[in-house]
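One structure below.
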Amino acid sequence: MSYSLVTLWHERQRYVPGVLAVGFSALLIALQCGLLLGLFSITSIPVDHTRADIWVGAPQVLSVDLGRPVPESYLSRLAAQPEVEAPEIYLQGFAYWSKPNGATELCIVIGARLDDQALGCVDELTPELRSLITEPGAIILDESELGRLGMKGIGDVAEISGQRVRLVGLVHGLKSLAGPYVFCSLGTARPLLHLLPDQTTYLLARCRNPAEAPAVVERLRAYPNMSAFTSEDFSFRTRMHWLTMTKAGIALGCAAALGLLVGAVVTSQTLYAATAASLREFAVLQALGIPRWRMALTVLAQAFWVGLTGIALAVPVVFGLRELADHVGAKILLPGWLLAIAIGVTMTMALVSGLAALRSLRLVEPATLLR
Amino acid sequence: MLADGPSLSARQISRSFGCGETRTIALHNVSLDLHSGEFVMLMGPSGSGKSTLLAVLSGLLHPDSGQVHVLGQDLWRQTEPAREEFRRRYCGFIFQGYNLFPALTARQQLEVVLRWGHGVSGREARRRADEMLLQLGLGKKAGLRPSQLSGGEKQRVAIGRALIKEPLFCFADEPTSALDWAHGEQIIELLRAAAQERGTTVLVVAHDSRIVPFTDRVLQLEDGCLAEPETARRSELWSVP
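If you read the sequences in order, they're chains C and L.
The opening position of the first sequence corresponds to residue 1 in the numbering used here, with each subsequent residue numbered one higher.
The opening position of the second sequence corresponds to residue 1 in the numbering used here, with each subsequent residue numbered one higher.
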């Protein structure tokens with residue numbers, strides 16, 4: 001076992017604040033970023049949970065929930081592309097939901113084709129559910145939104161834009177950030193969104209070979225009065241819009257940065273104090289001619305072990321809290337790359353703290369041992 | 001076991017601290033020679049400059065003037081890395097406090113010097129540390145930490161740390177001050193053995209006159225000056241026990 005590890009274990013009480021600070025930083029970074037990813041992944045559900053390769057909408061559309069009406073006749077522009085298979089329309093927009101108690105709630109109405117080949121119908125809508133909403137006025141909600149919309153269960157009725165709708169089914173995992181998603185047929189959605197018969201919000205298309213989508217999008221961008229995206233681009237654009245245009249991303253980012261700063265300061269001070277406590281021992285080694293860099297390496301090794309221990313403590317807590325968040329309806333996404341970044345940043349922070357603590361070695365002066 | 005020429009030769013060493021009215025002269029034109037295998041004691045009242053002289057001779061404290069010739073070179077005309085290299089290769093130190101790392105065992109305290117200072121492999125460092133601890137009578141205490149050792153045992157570990165690399169010079173500052181005479185005598189015997197058996201030049205700063213009979217020579221420092229001729233032999237001044 002290395003001498004730094006032996007020291008760390010023997011004087012573990014001294015190093016506890018540093019370990020906890022590193023763990024706290026790793027926890028905060030992973031959770032804040034995971035929460036951010038989870039939060040903004042909700043915003044692009046209509047894009048991510050459907051089968052279209054290409055999305056066409058109004059010019060300069062910033063995010064999928066901010067679509068504006070475009071003429072249905074633009075379908076011909078998509079149909080003219082040789083790589084594209086049967087394009088279709090897709091209706092989406094905000095509408096006011098009237099609760100049974102008279103209060104109103106903003107909701108997002110999504111109307112799509114419902115056949116087996118439909119591109120705009122979310123994956124969660126099973127053939128049975130799709131069959132149920134072919135009926136005019138029939139809608140499907142995410143189960144978690146019932147309370148928010150004042151509904152008790154299937155069969156309840158409410159009003160959207162002054163028109164009566166009836167809840168015929170429920171889905172899971174399609175909670176929304178801006179307003180509850182209301183899934184229905186094109187026929188039901190159009191009057192709820194006050195769209196004219198020749199208007200649509202988006203035009204969707206699928207390519208015979210999905211790899212050709214970027215090239216098709218490039219060609220479609222030459223057309224005036226509309227914008228075109230691949231589904232990956234539109235999903236990313238939507239998330240980035242929410243990230244940059246709302247304060248949520250900045251606030252969560254600042255909290256993570258603050259956690260990192262607190263972790264760095266506490267870790268640095270812990271290592272500094274631990275090193276300073278052994279100054280006389282280090283001075284003896286220096287008198288014996290052991291180079292200063294060798295002692296610095298020991299301090300850095302201690303920083304490494306403090307970092308590793310803190311991270312090892314934080315990881316199970318991160319996953320535990322993710323489960324807990326899942327139970328209370330908050331989505332935390334922890335992809336491998338995010339964990340790798342969180343671990344990398346935290347470990348770098350610990351090592352930088354170790355570098356900062358090296359200033360204590362400047363105080364080592366072997367001549368002072370001779371009194 | 002004295003070699004012909006001096007292994008360390010100091011000439012006209014002066015060192016002062018502070019400036020202006022607060023300036024204190026710690027050493028004034030001190031000259032001396034130390035020989036290989038010689039056990040020399042440096043005595044003197046508090047504040048006489050003993051520790052300062054030890055620090056200057058061992059390359060730890062720069063003198064204001066004078067030269068320290070060792071191994072054919074003027075120590076204080078060398079660069080700091082060169083002096084560090086000199087101490088690493090040739091010097092062992094024993095200080096007043098034990099200054100042992102609290103987390104490391106007696107064996108590890110010794111291993112550190114070999115592994116960090118001399119790039120010795122872990123297995124070889126362990127073997128040599130165990131051998132040294134055995135010689136110091138600490139064979140059964142190799143796995144104990146400083147908190148589990150007595151004062152005498154800790155000082156013996158500190159001596160082991162100073163001698164494990166078999167230095168040409170061993171500088172000791174009051175190595176017995178915190179020990180009763182029974183333990184102190186053991187320590188002095190160990191240092192004398194290092195001088196006699198290994199040819200190490202041992203310079204001990206101490207107040208305790210009971211050490212005198214064990215030494216080859218005694219230097220008396222008063223107000224920064226050597227009071228006795230440094231060439232005087234202990235046998236001329238003190239009776240052999």
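Just so it is clear, CB atoms sit at the ideal spot from N, CA and C, and this is done for glycine as well.
Taking the beta strand (DSSP E) that L/T24 falls in, what are its first and last residues?
Element bounds for L/T24: 24 to 35.
How is the alpha helix (DSSP H) around C/E135 delimited, first residue to last?
Neither: C/E135 is in no alpha helix (DSSP H) and is coded neither H nor E.
Does the beta carbon of C/L358 come closer than 8 angstroms to any beta carbon on chain A?
No chain A is part of this structure, whose protein chains are labelled C and L.
Below 8 angstroms on C-beta distance, what does C/Q2 contact in chain L?
Note on residue identity: the sequence assigns Ser, not Gln, to residue 2 of chain C. Those do not exist, as C/S2 stays about 10 angstroms from chain L at its closest Cβ, beyond 8 angstroms.
Can you pull out the residues from the segment 94 to 106 of chain L whose beta carbon lies closer than 8 angstroms to at least one beta carbon of chain C?
Of all residues in the segment 94 to 106 of chain L, F95, Q96, G97, N99, L100, F101, P102, A103, L104 have a Cβ within less than 8 angstroms of some Cβ in chain C.
Leaving out five residues on either side along the sequence, give the residues of the same chain with a beta carbon under 8 angstroms from the beta carbon of L/G103.
Residue 103 of chain L is actually Ala in this sequence, not Gly. Cβ neighbours of L/A103 beyond the five flanking positions: R145.
Would you mind telling me which residues of chain L sit closer than 7 angstroms to C/P291, beta carbon to beta carbon, in chain order?
In chain order: E84.
From this set, C/F94, C/L260, C/K175, C/A340, which residue's C-alpha is nearest C/V315's C-alpha?
Measuring from the Cα of C/V315, the nearest candidate turns out to be C/A340.
Quick one, which of C/A213, C/D123, C/A357, C/Q163 has its alpha-carbon nearest C/D233's?
It is C/A213.
Considering only DSSP beta bridges, list what L/H69 is partnered with.
DSSP lists L/S9, L/D74 as partners of L/H69.
Anyone know if the C-beta pair for C/Q379 and C/G263 falls short of 8 angstroms?
No answer is possible for residue 379 of chain C: it lies beyond the span of chain C, which begins at 1 and ends at 371.
Using a Cβ cut-off of 8 angstroms (strictly closer), state whether C/R362 contacts chain L.
Closer than 8 angstroms: no.
With contact counted as at least three CB pairs below 8 angstroms, one residue from each stretch, are the segment 182 to 189 of chain C and the segment 138 to 158 of chain C in contact?
The segment 182 to 189 of chain C vs the segment 138 to 158 of chain C: in contact.
With a threshold of 8 angstroms between beta-carbons, can C/E143 be considered close to chain L, or not?
No, no contact with chain L.
Decide yes or no for the touch test of the segment 331 to 345 of chain C against the segment 8 to 16 of chain L: beta carbon pairs closer than 8 angstroms, at least 3 of them.
They do not touch, by the three-pair rule.
Give, in chain order, every residue of the segment 10 to 41 of chain C whose Cβ lies closer than 9 angstroms to some Cβ of chain L.
Residues passing the 9 angstroms Cβ filter: H10, E11.
Any beta carbon from chain L within less than 8 angstroms of C/V6's own beta carbon?
It does: the Cβ of C/V6 has a partner Cβ on chain L nearer than 8 angstroms.
Which residues in chain L sit within 8 angstroms of C/E124, going by Cβ to Cβ distance?
In chain order: nothing, as chain L lies at least about 58 angstroms away.
Name the DSSP bridge partner or partners of L/S14?
In DSSP, L/S14 forms a bridge with L/S65.
Is L/L54 close to chain C, meaning its C-beta is less than 8 angstroms from at least one C-beta of that chain?
True, the Cβ-Cβ gap to chain C drops below 8 angstroms.
Relative to the alpha-carbon of C/V328, which residue among C/F236, C/G173, C/G67 has its alpha-carbon at the smallest distance?
Nearest option by C-alpha distance: C/G173.
Roughly how many angstroms lie between the CA atoms of L/A24 and C/L28, to the nearest whole one?
The sequence given here places Thr at residue 24 of chain L; Ala does not occur at that position. Approximately 57 angstroms, taken between the alpha carbons.
Can you say whether L/E38 is buried or exposed, counting buried as having 16 or more other CB atoms within 10 angstroms of its CB?
When all chains shown are included, L/E38 counts as buried.
Determine the burial state of C/G102: buried for a count of at least 16 other Cβ atoms within 10 Å of its Cβ, exposed for fewer.
Exposed, since its Cβ has fewer than 16 Cβ neighbours within 10 Å.
Determine, for C/S278, whether the minimum Cβ-Cβ distance to residues of chain L falls below 8 angstroms.
It does: the Cβ of C/S278 has a partner Cβ on chain L nearer than 8 angstroms.
Would C/D156 and C/L170 be called neighbours here (beta carbons separated by less than 8 angstroms)?
The answer is no: Cβ separation not under 8 angstroms.
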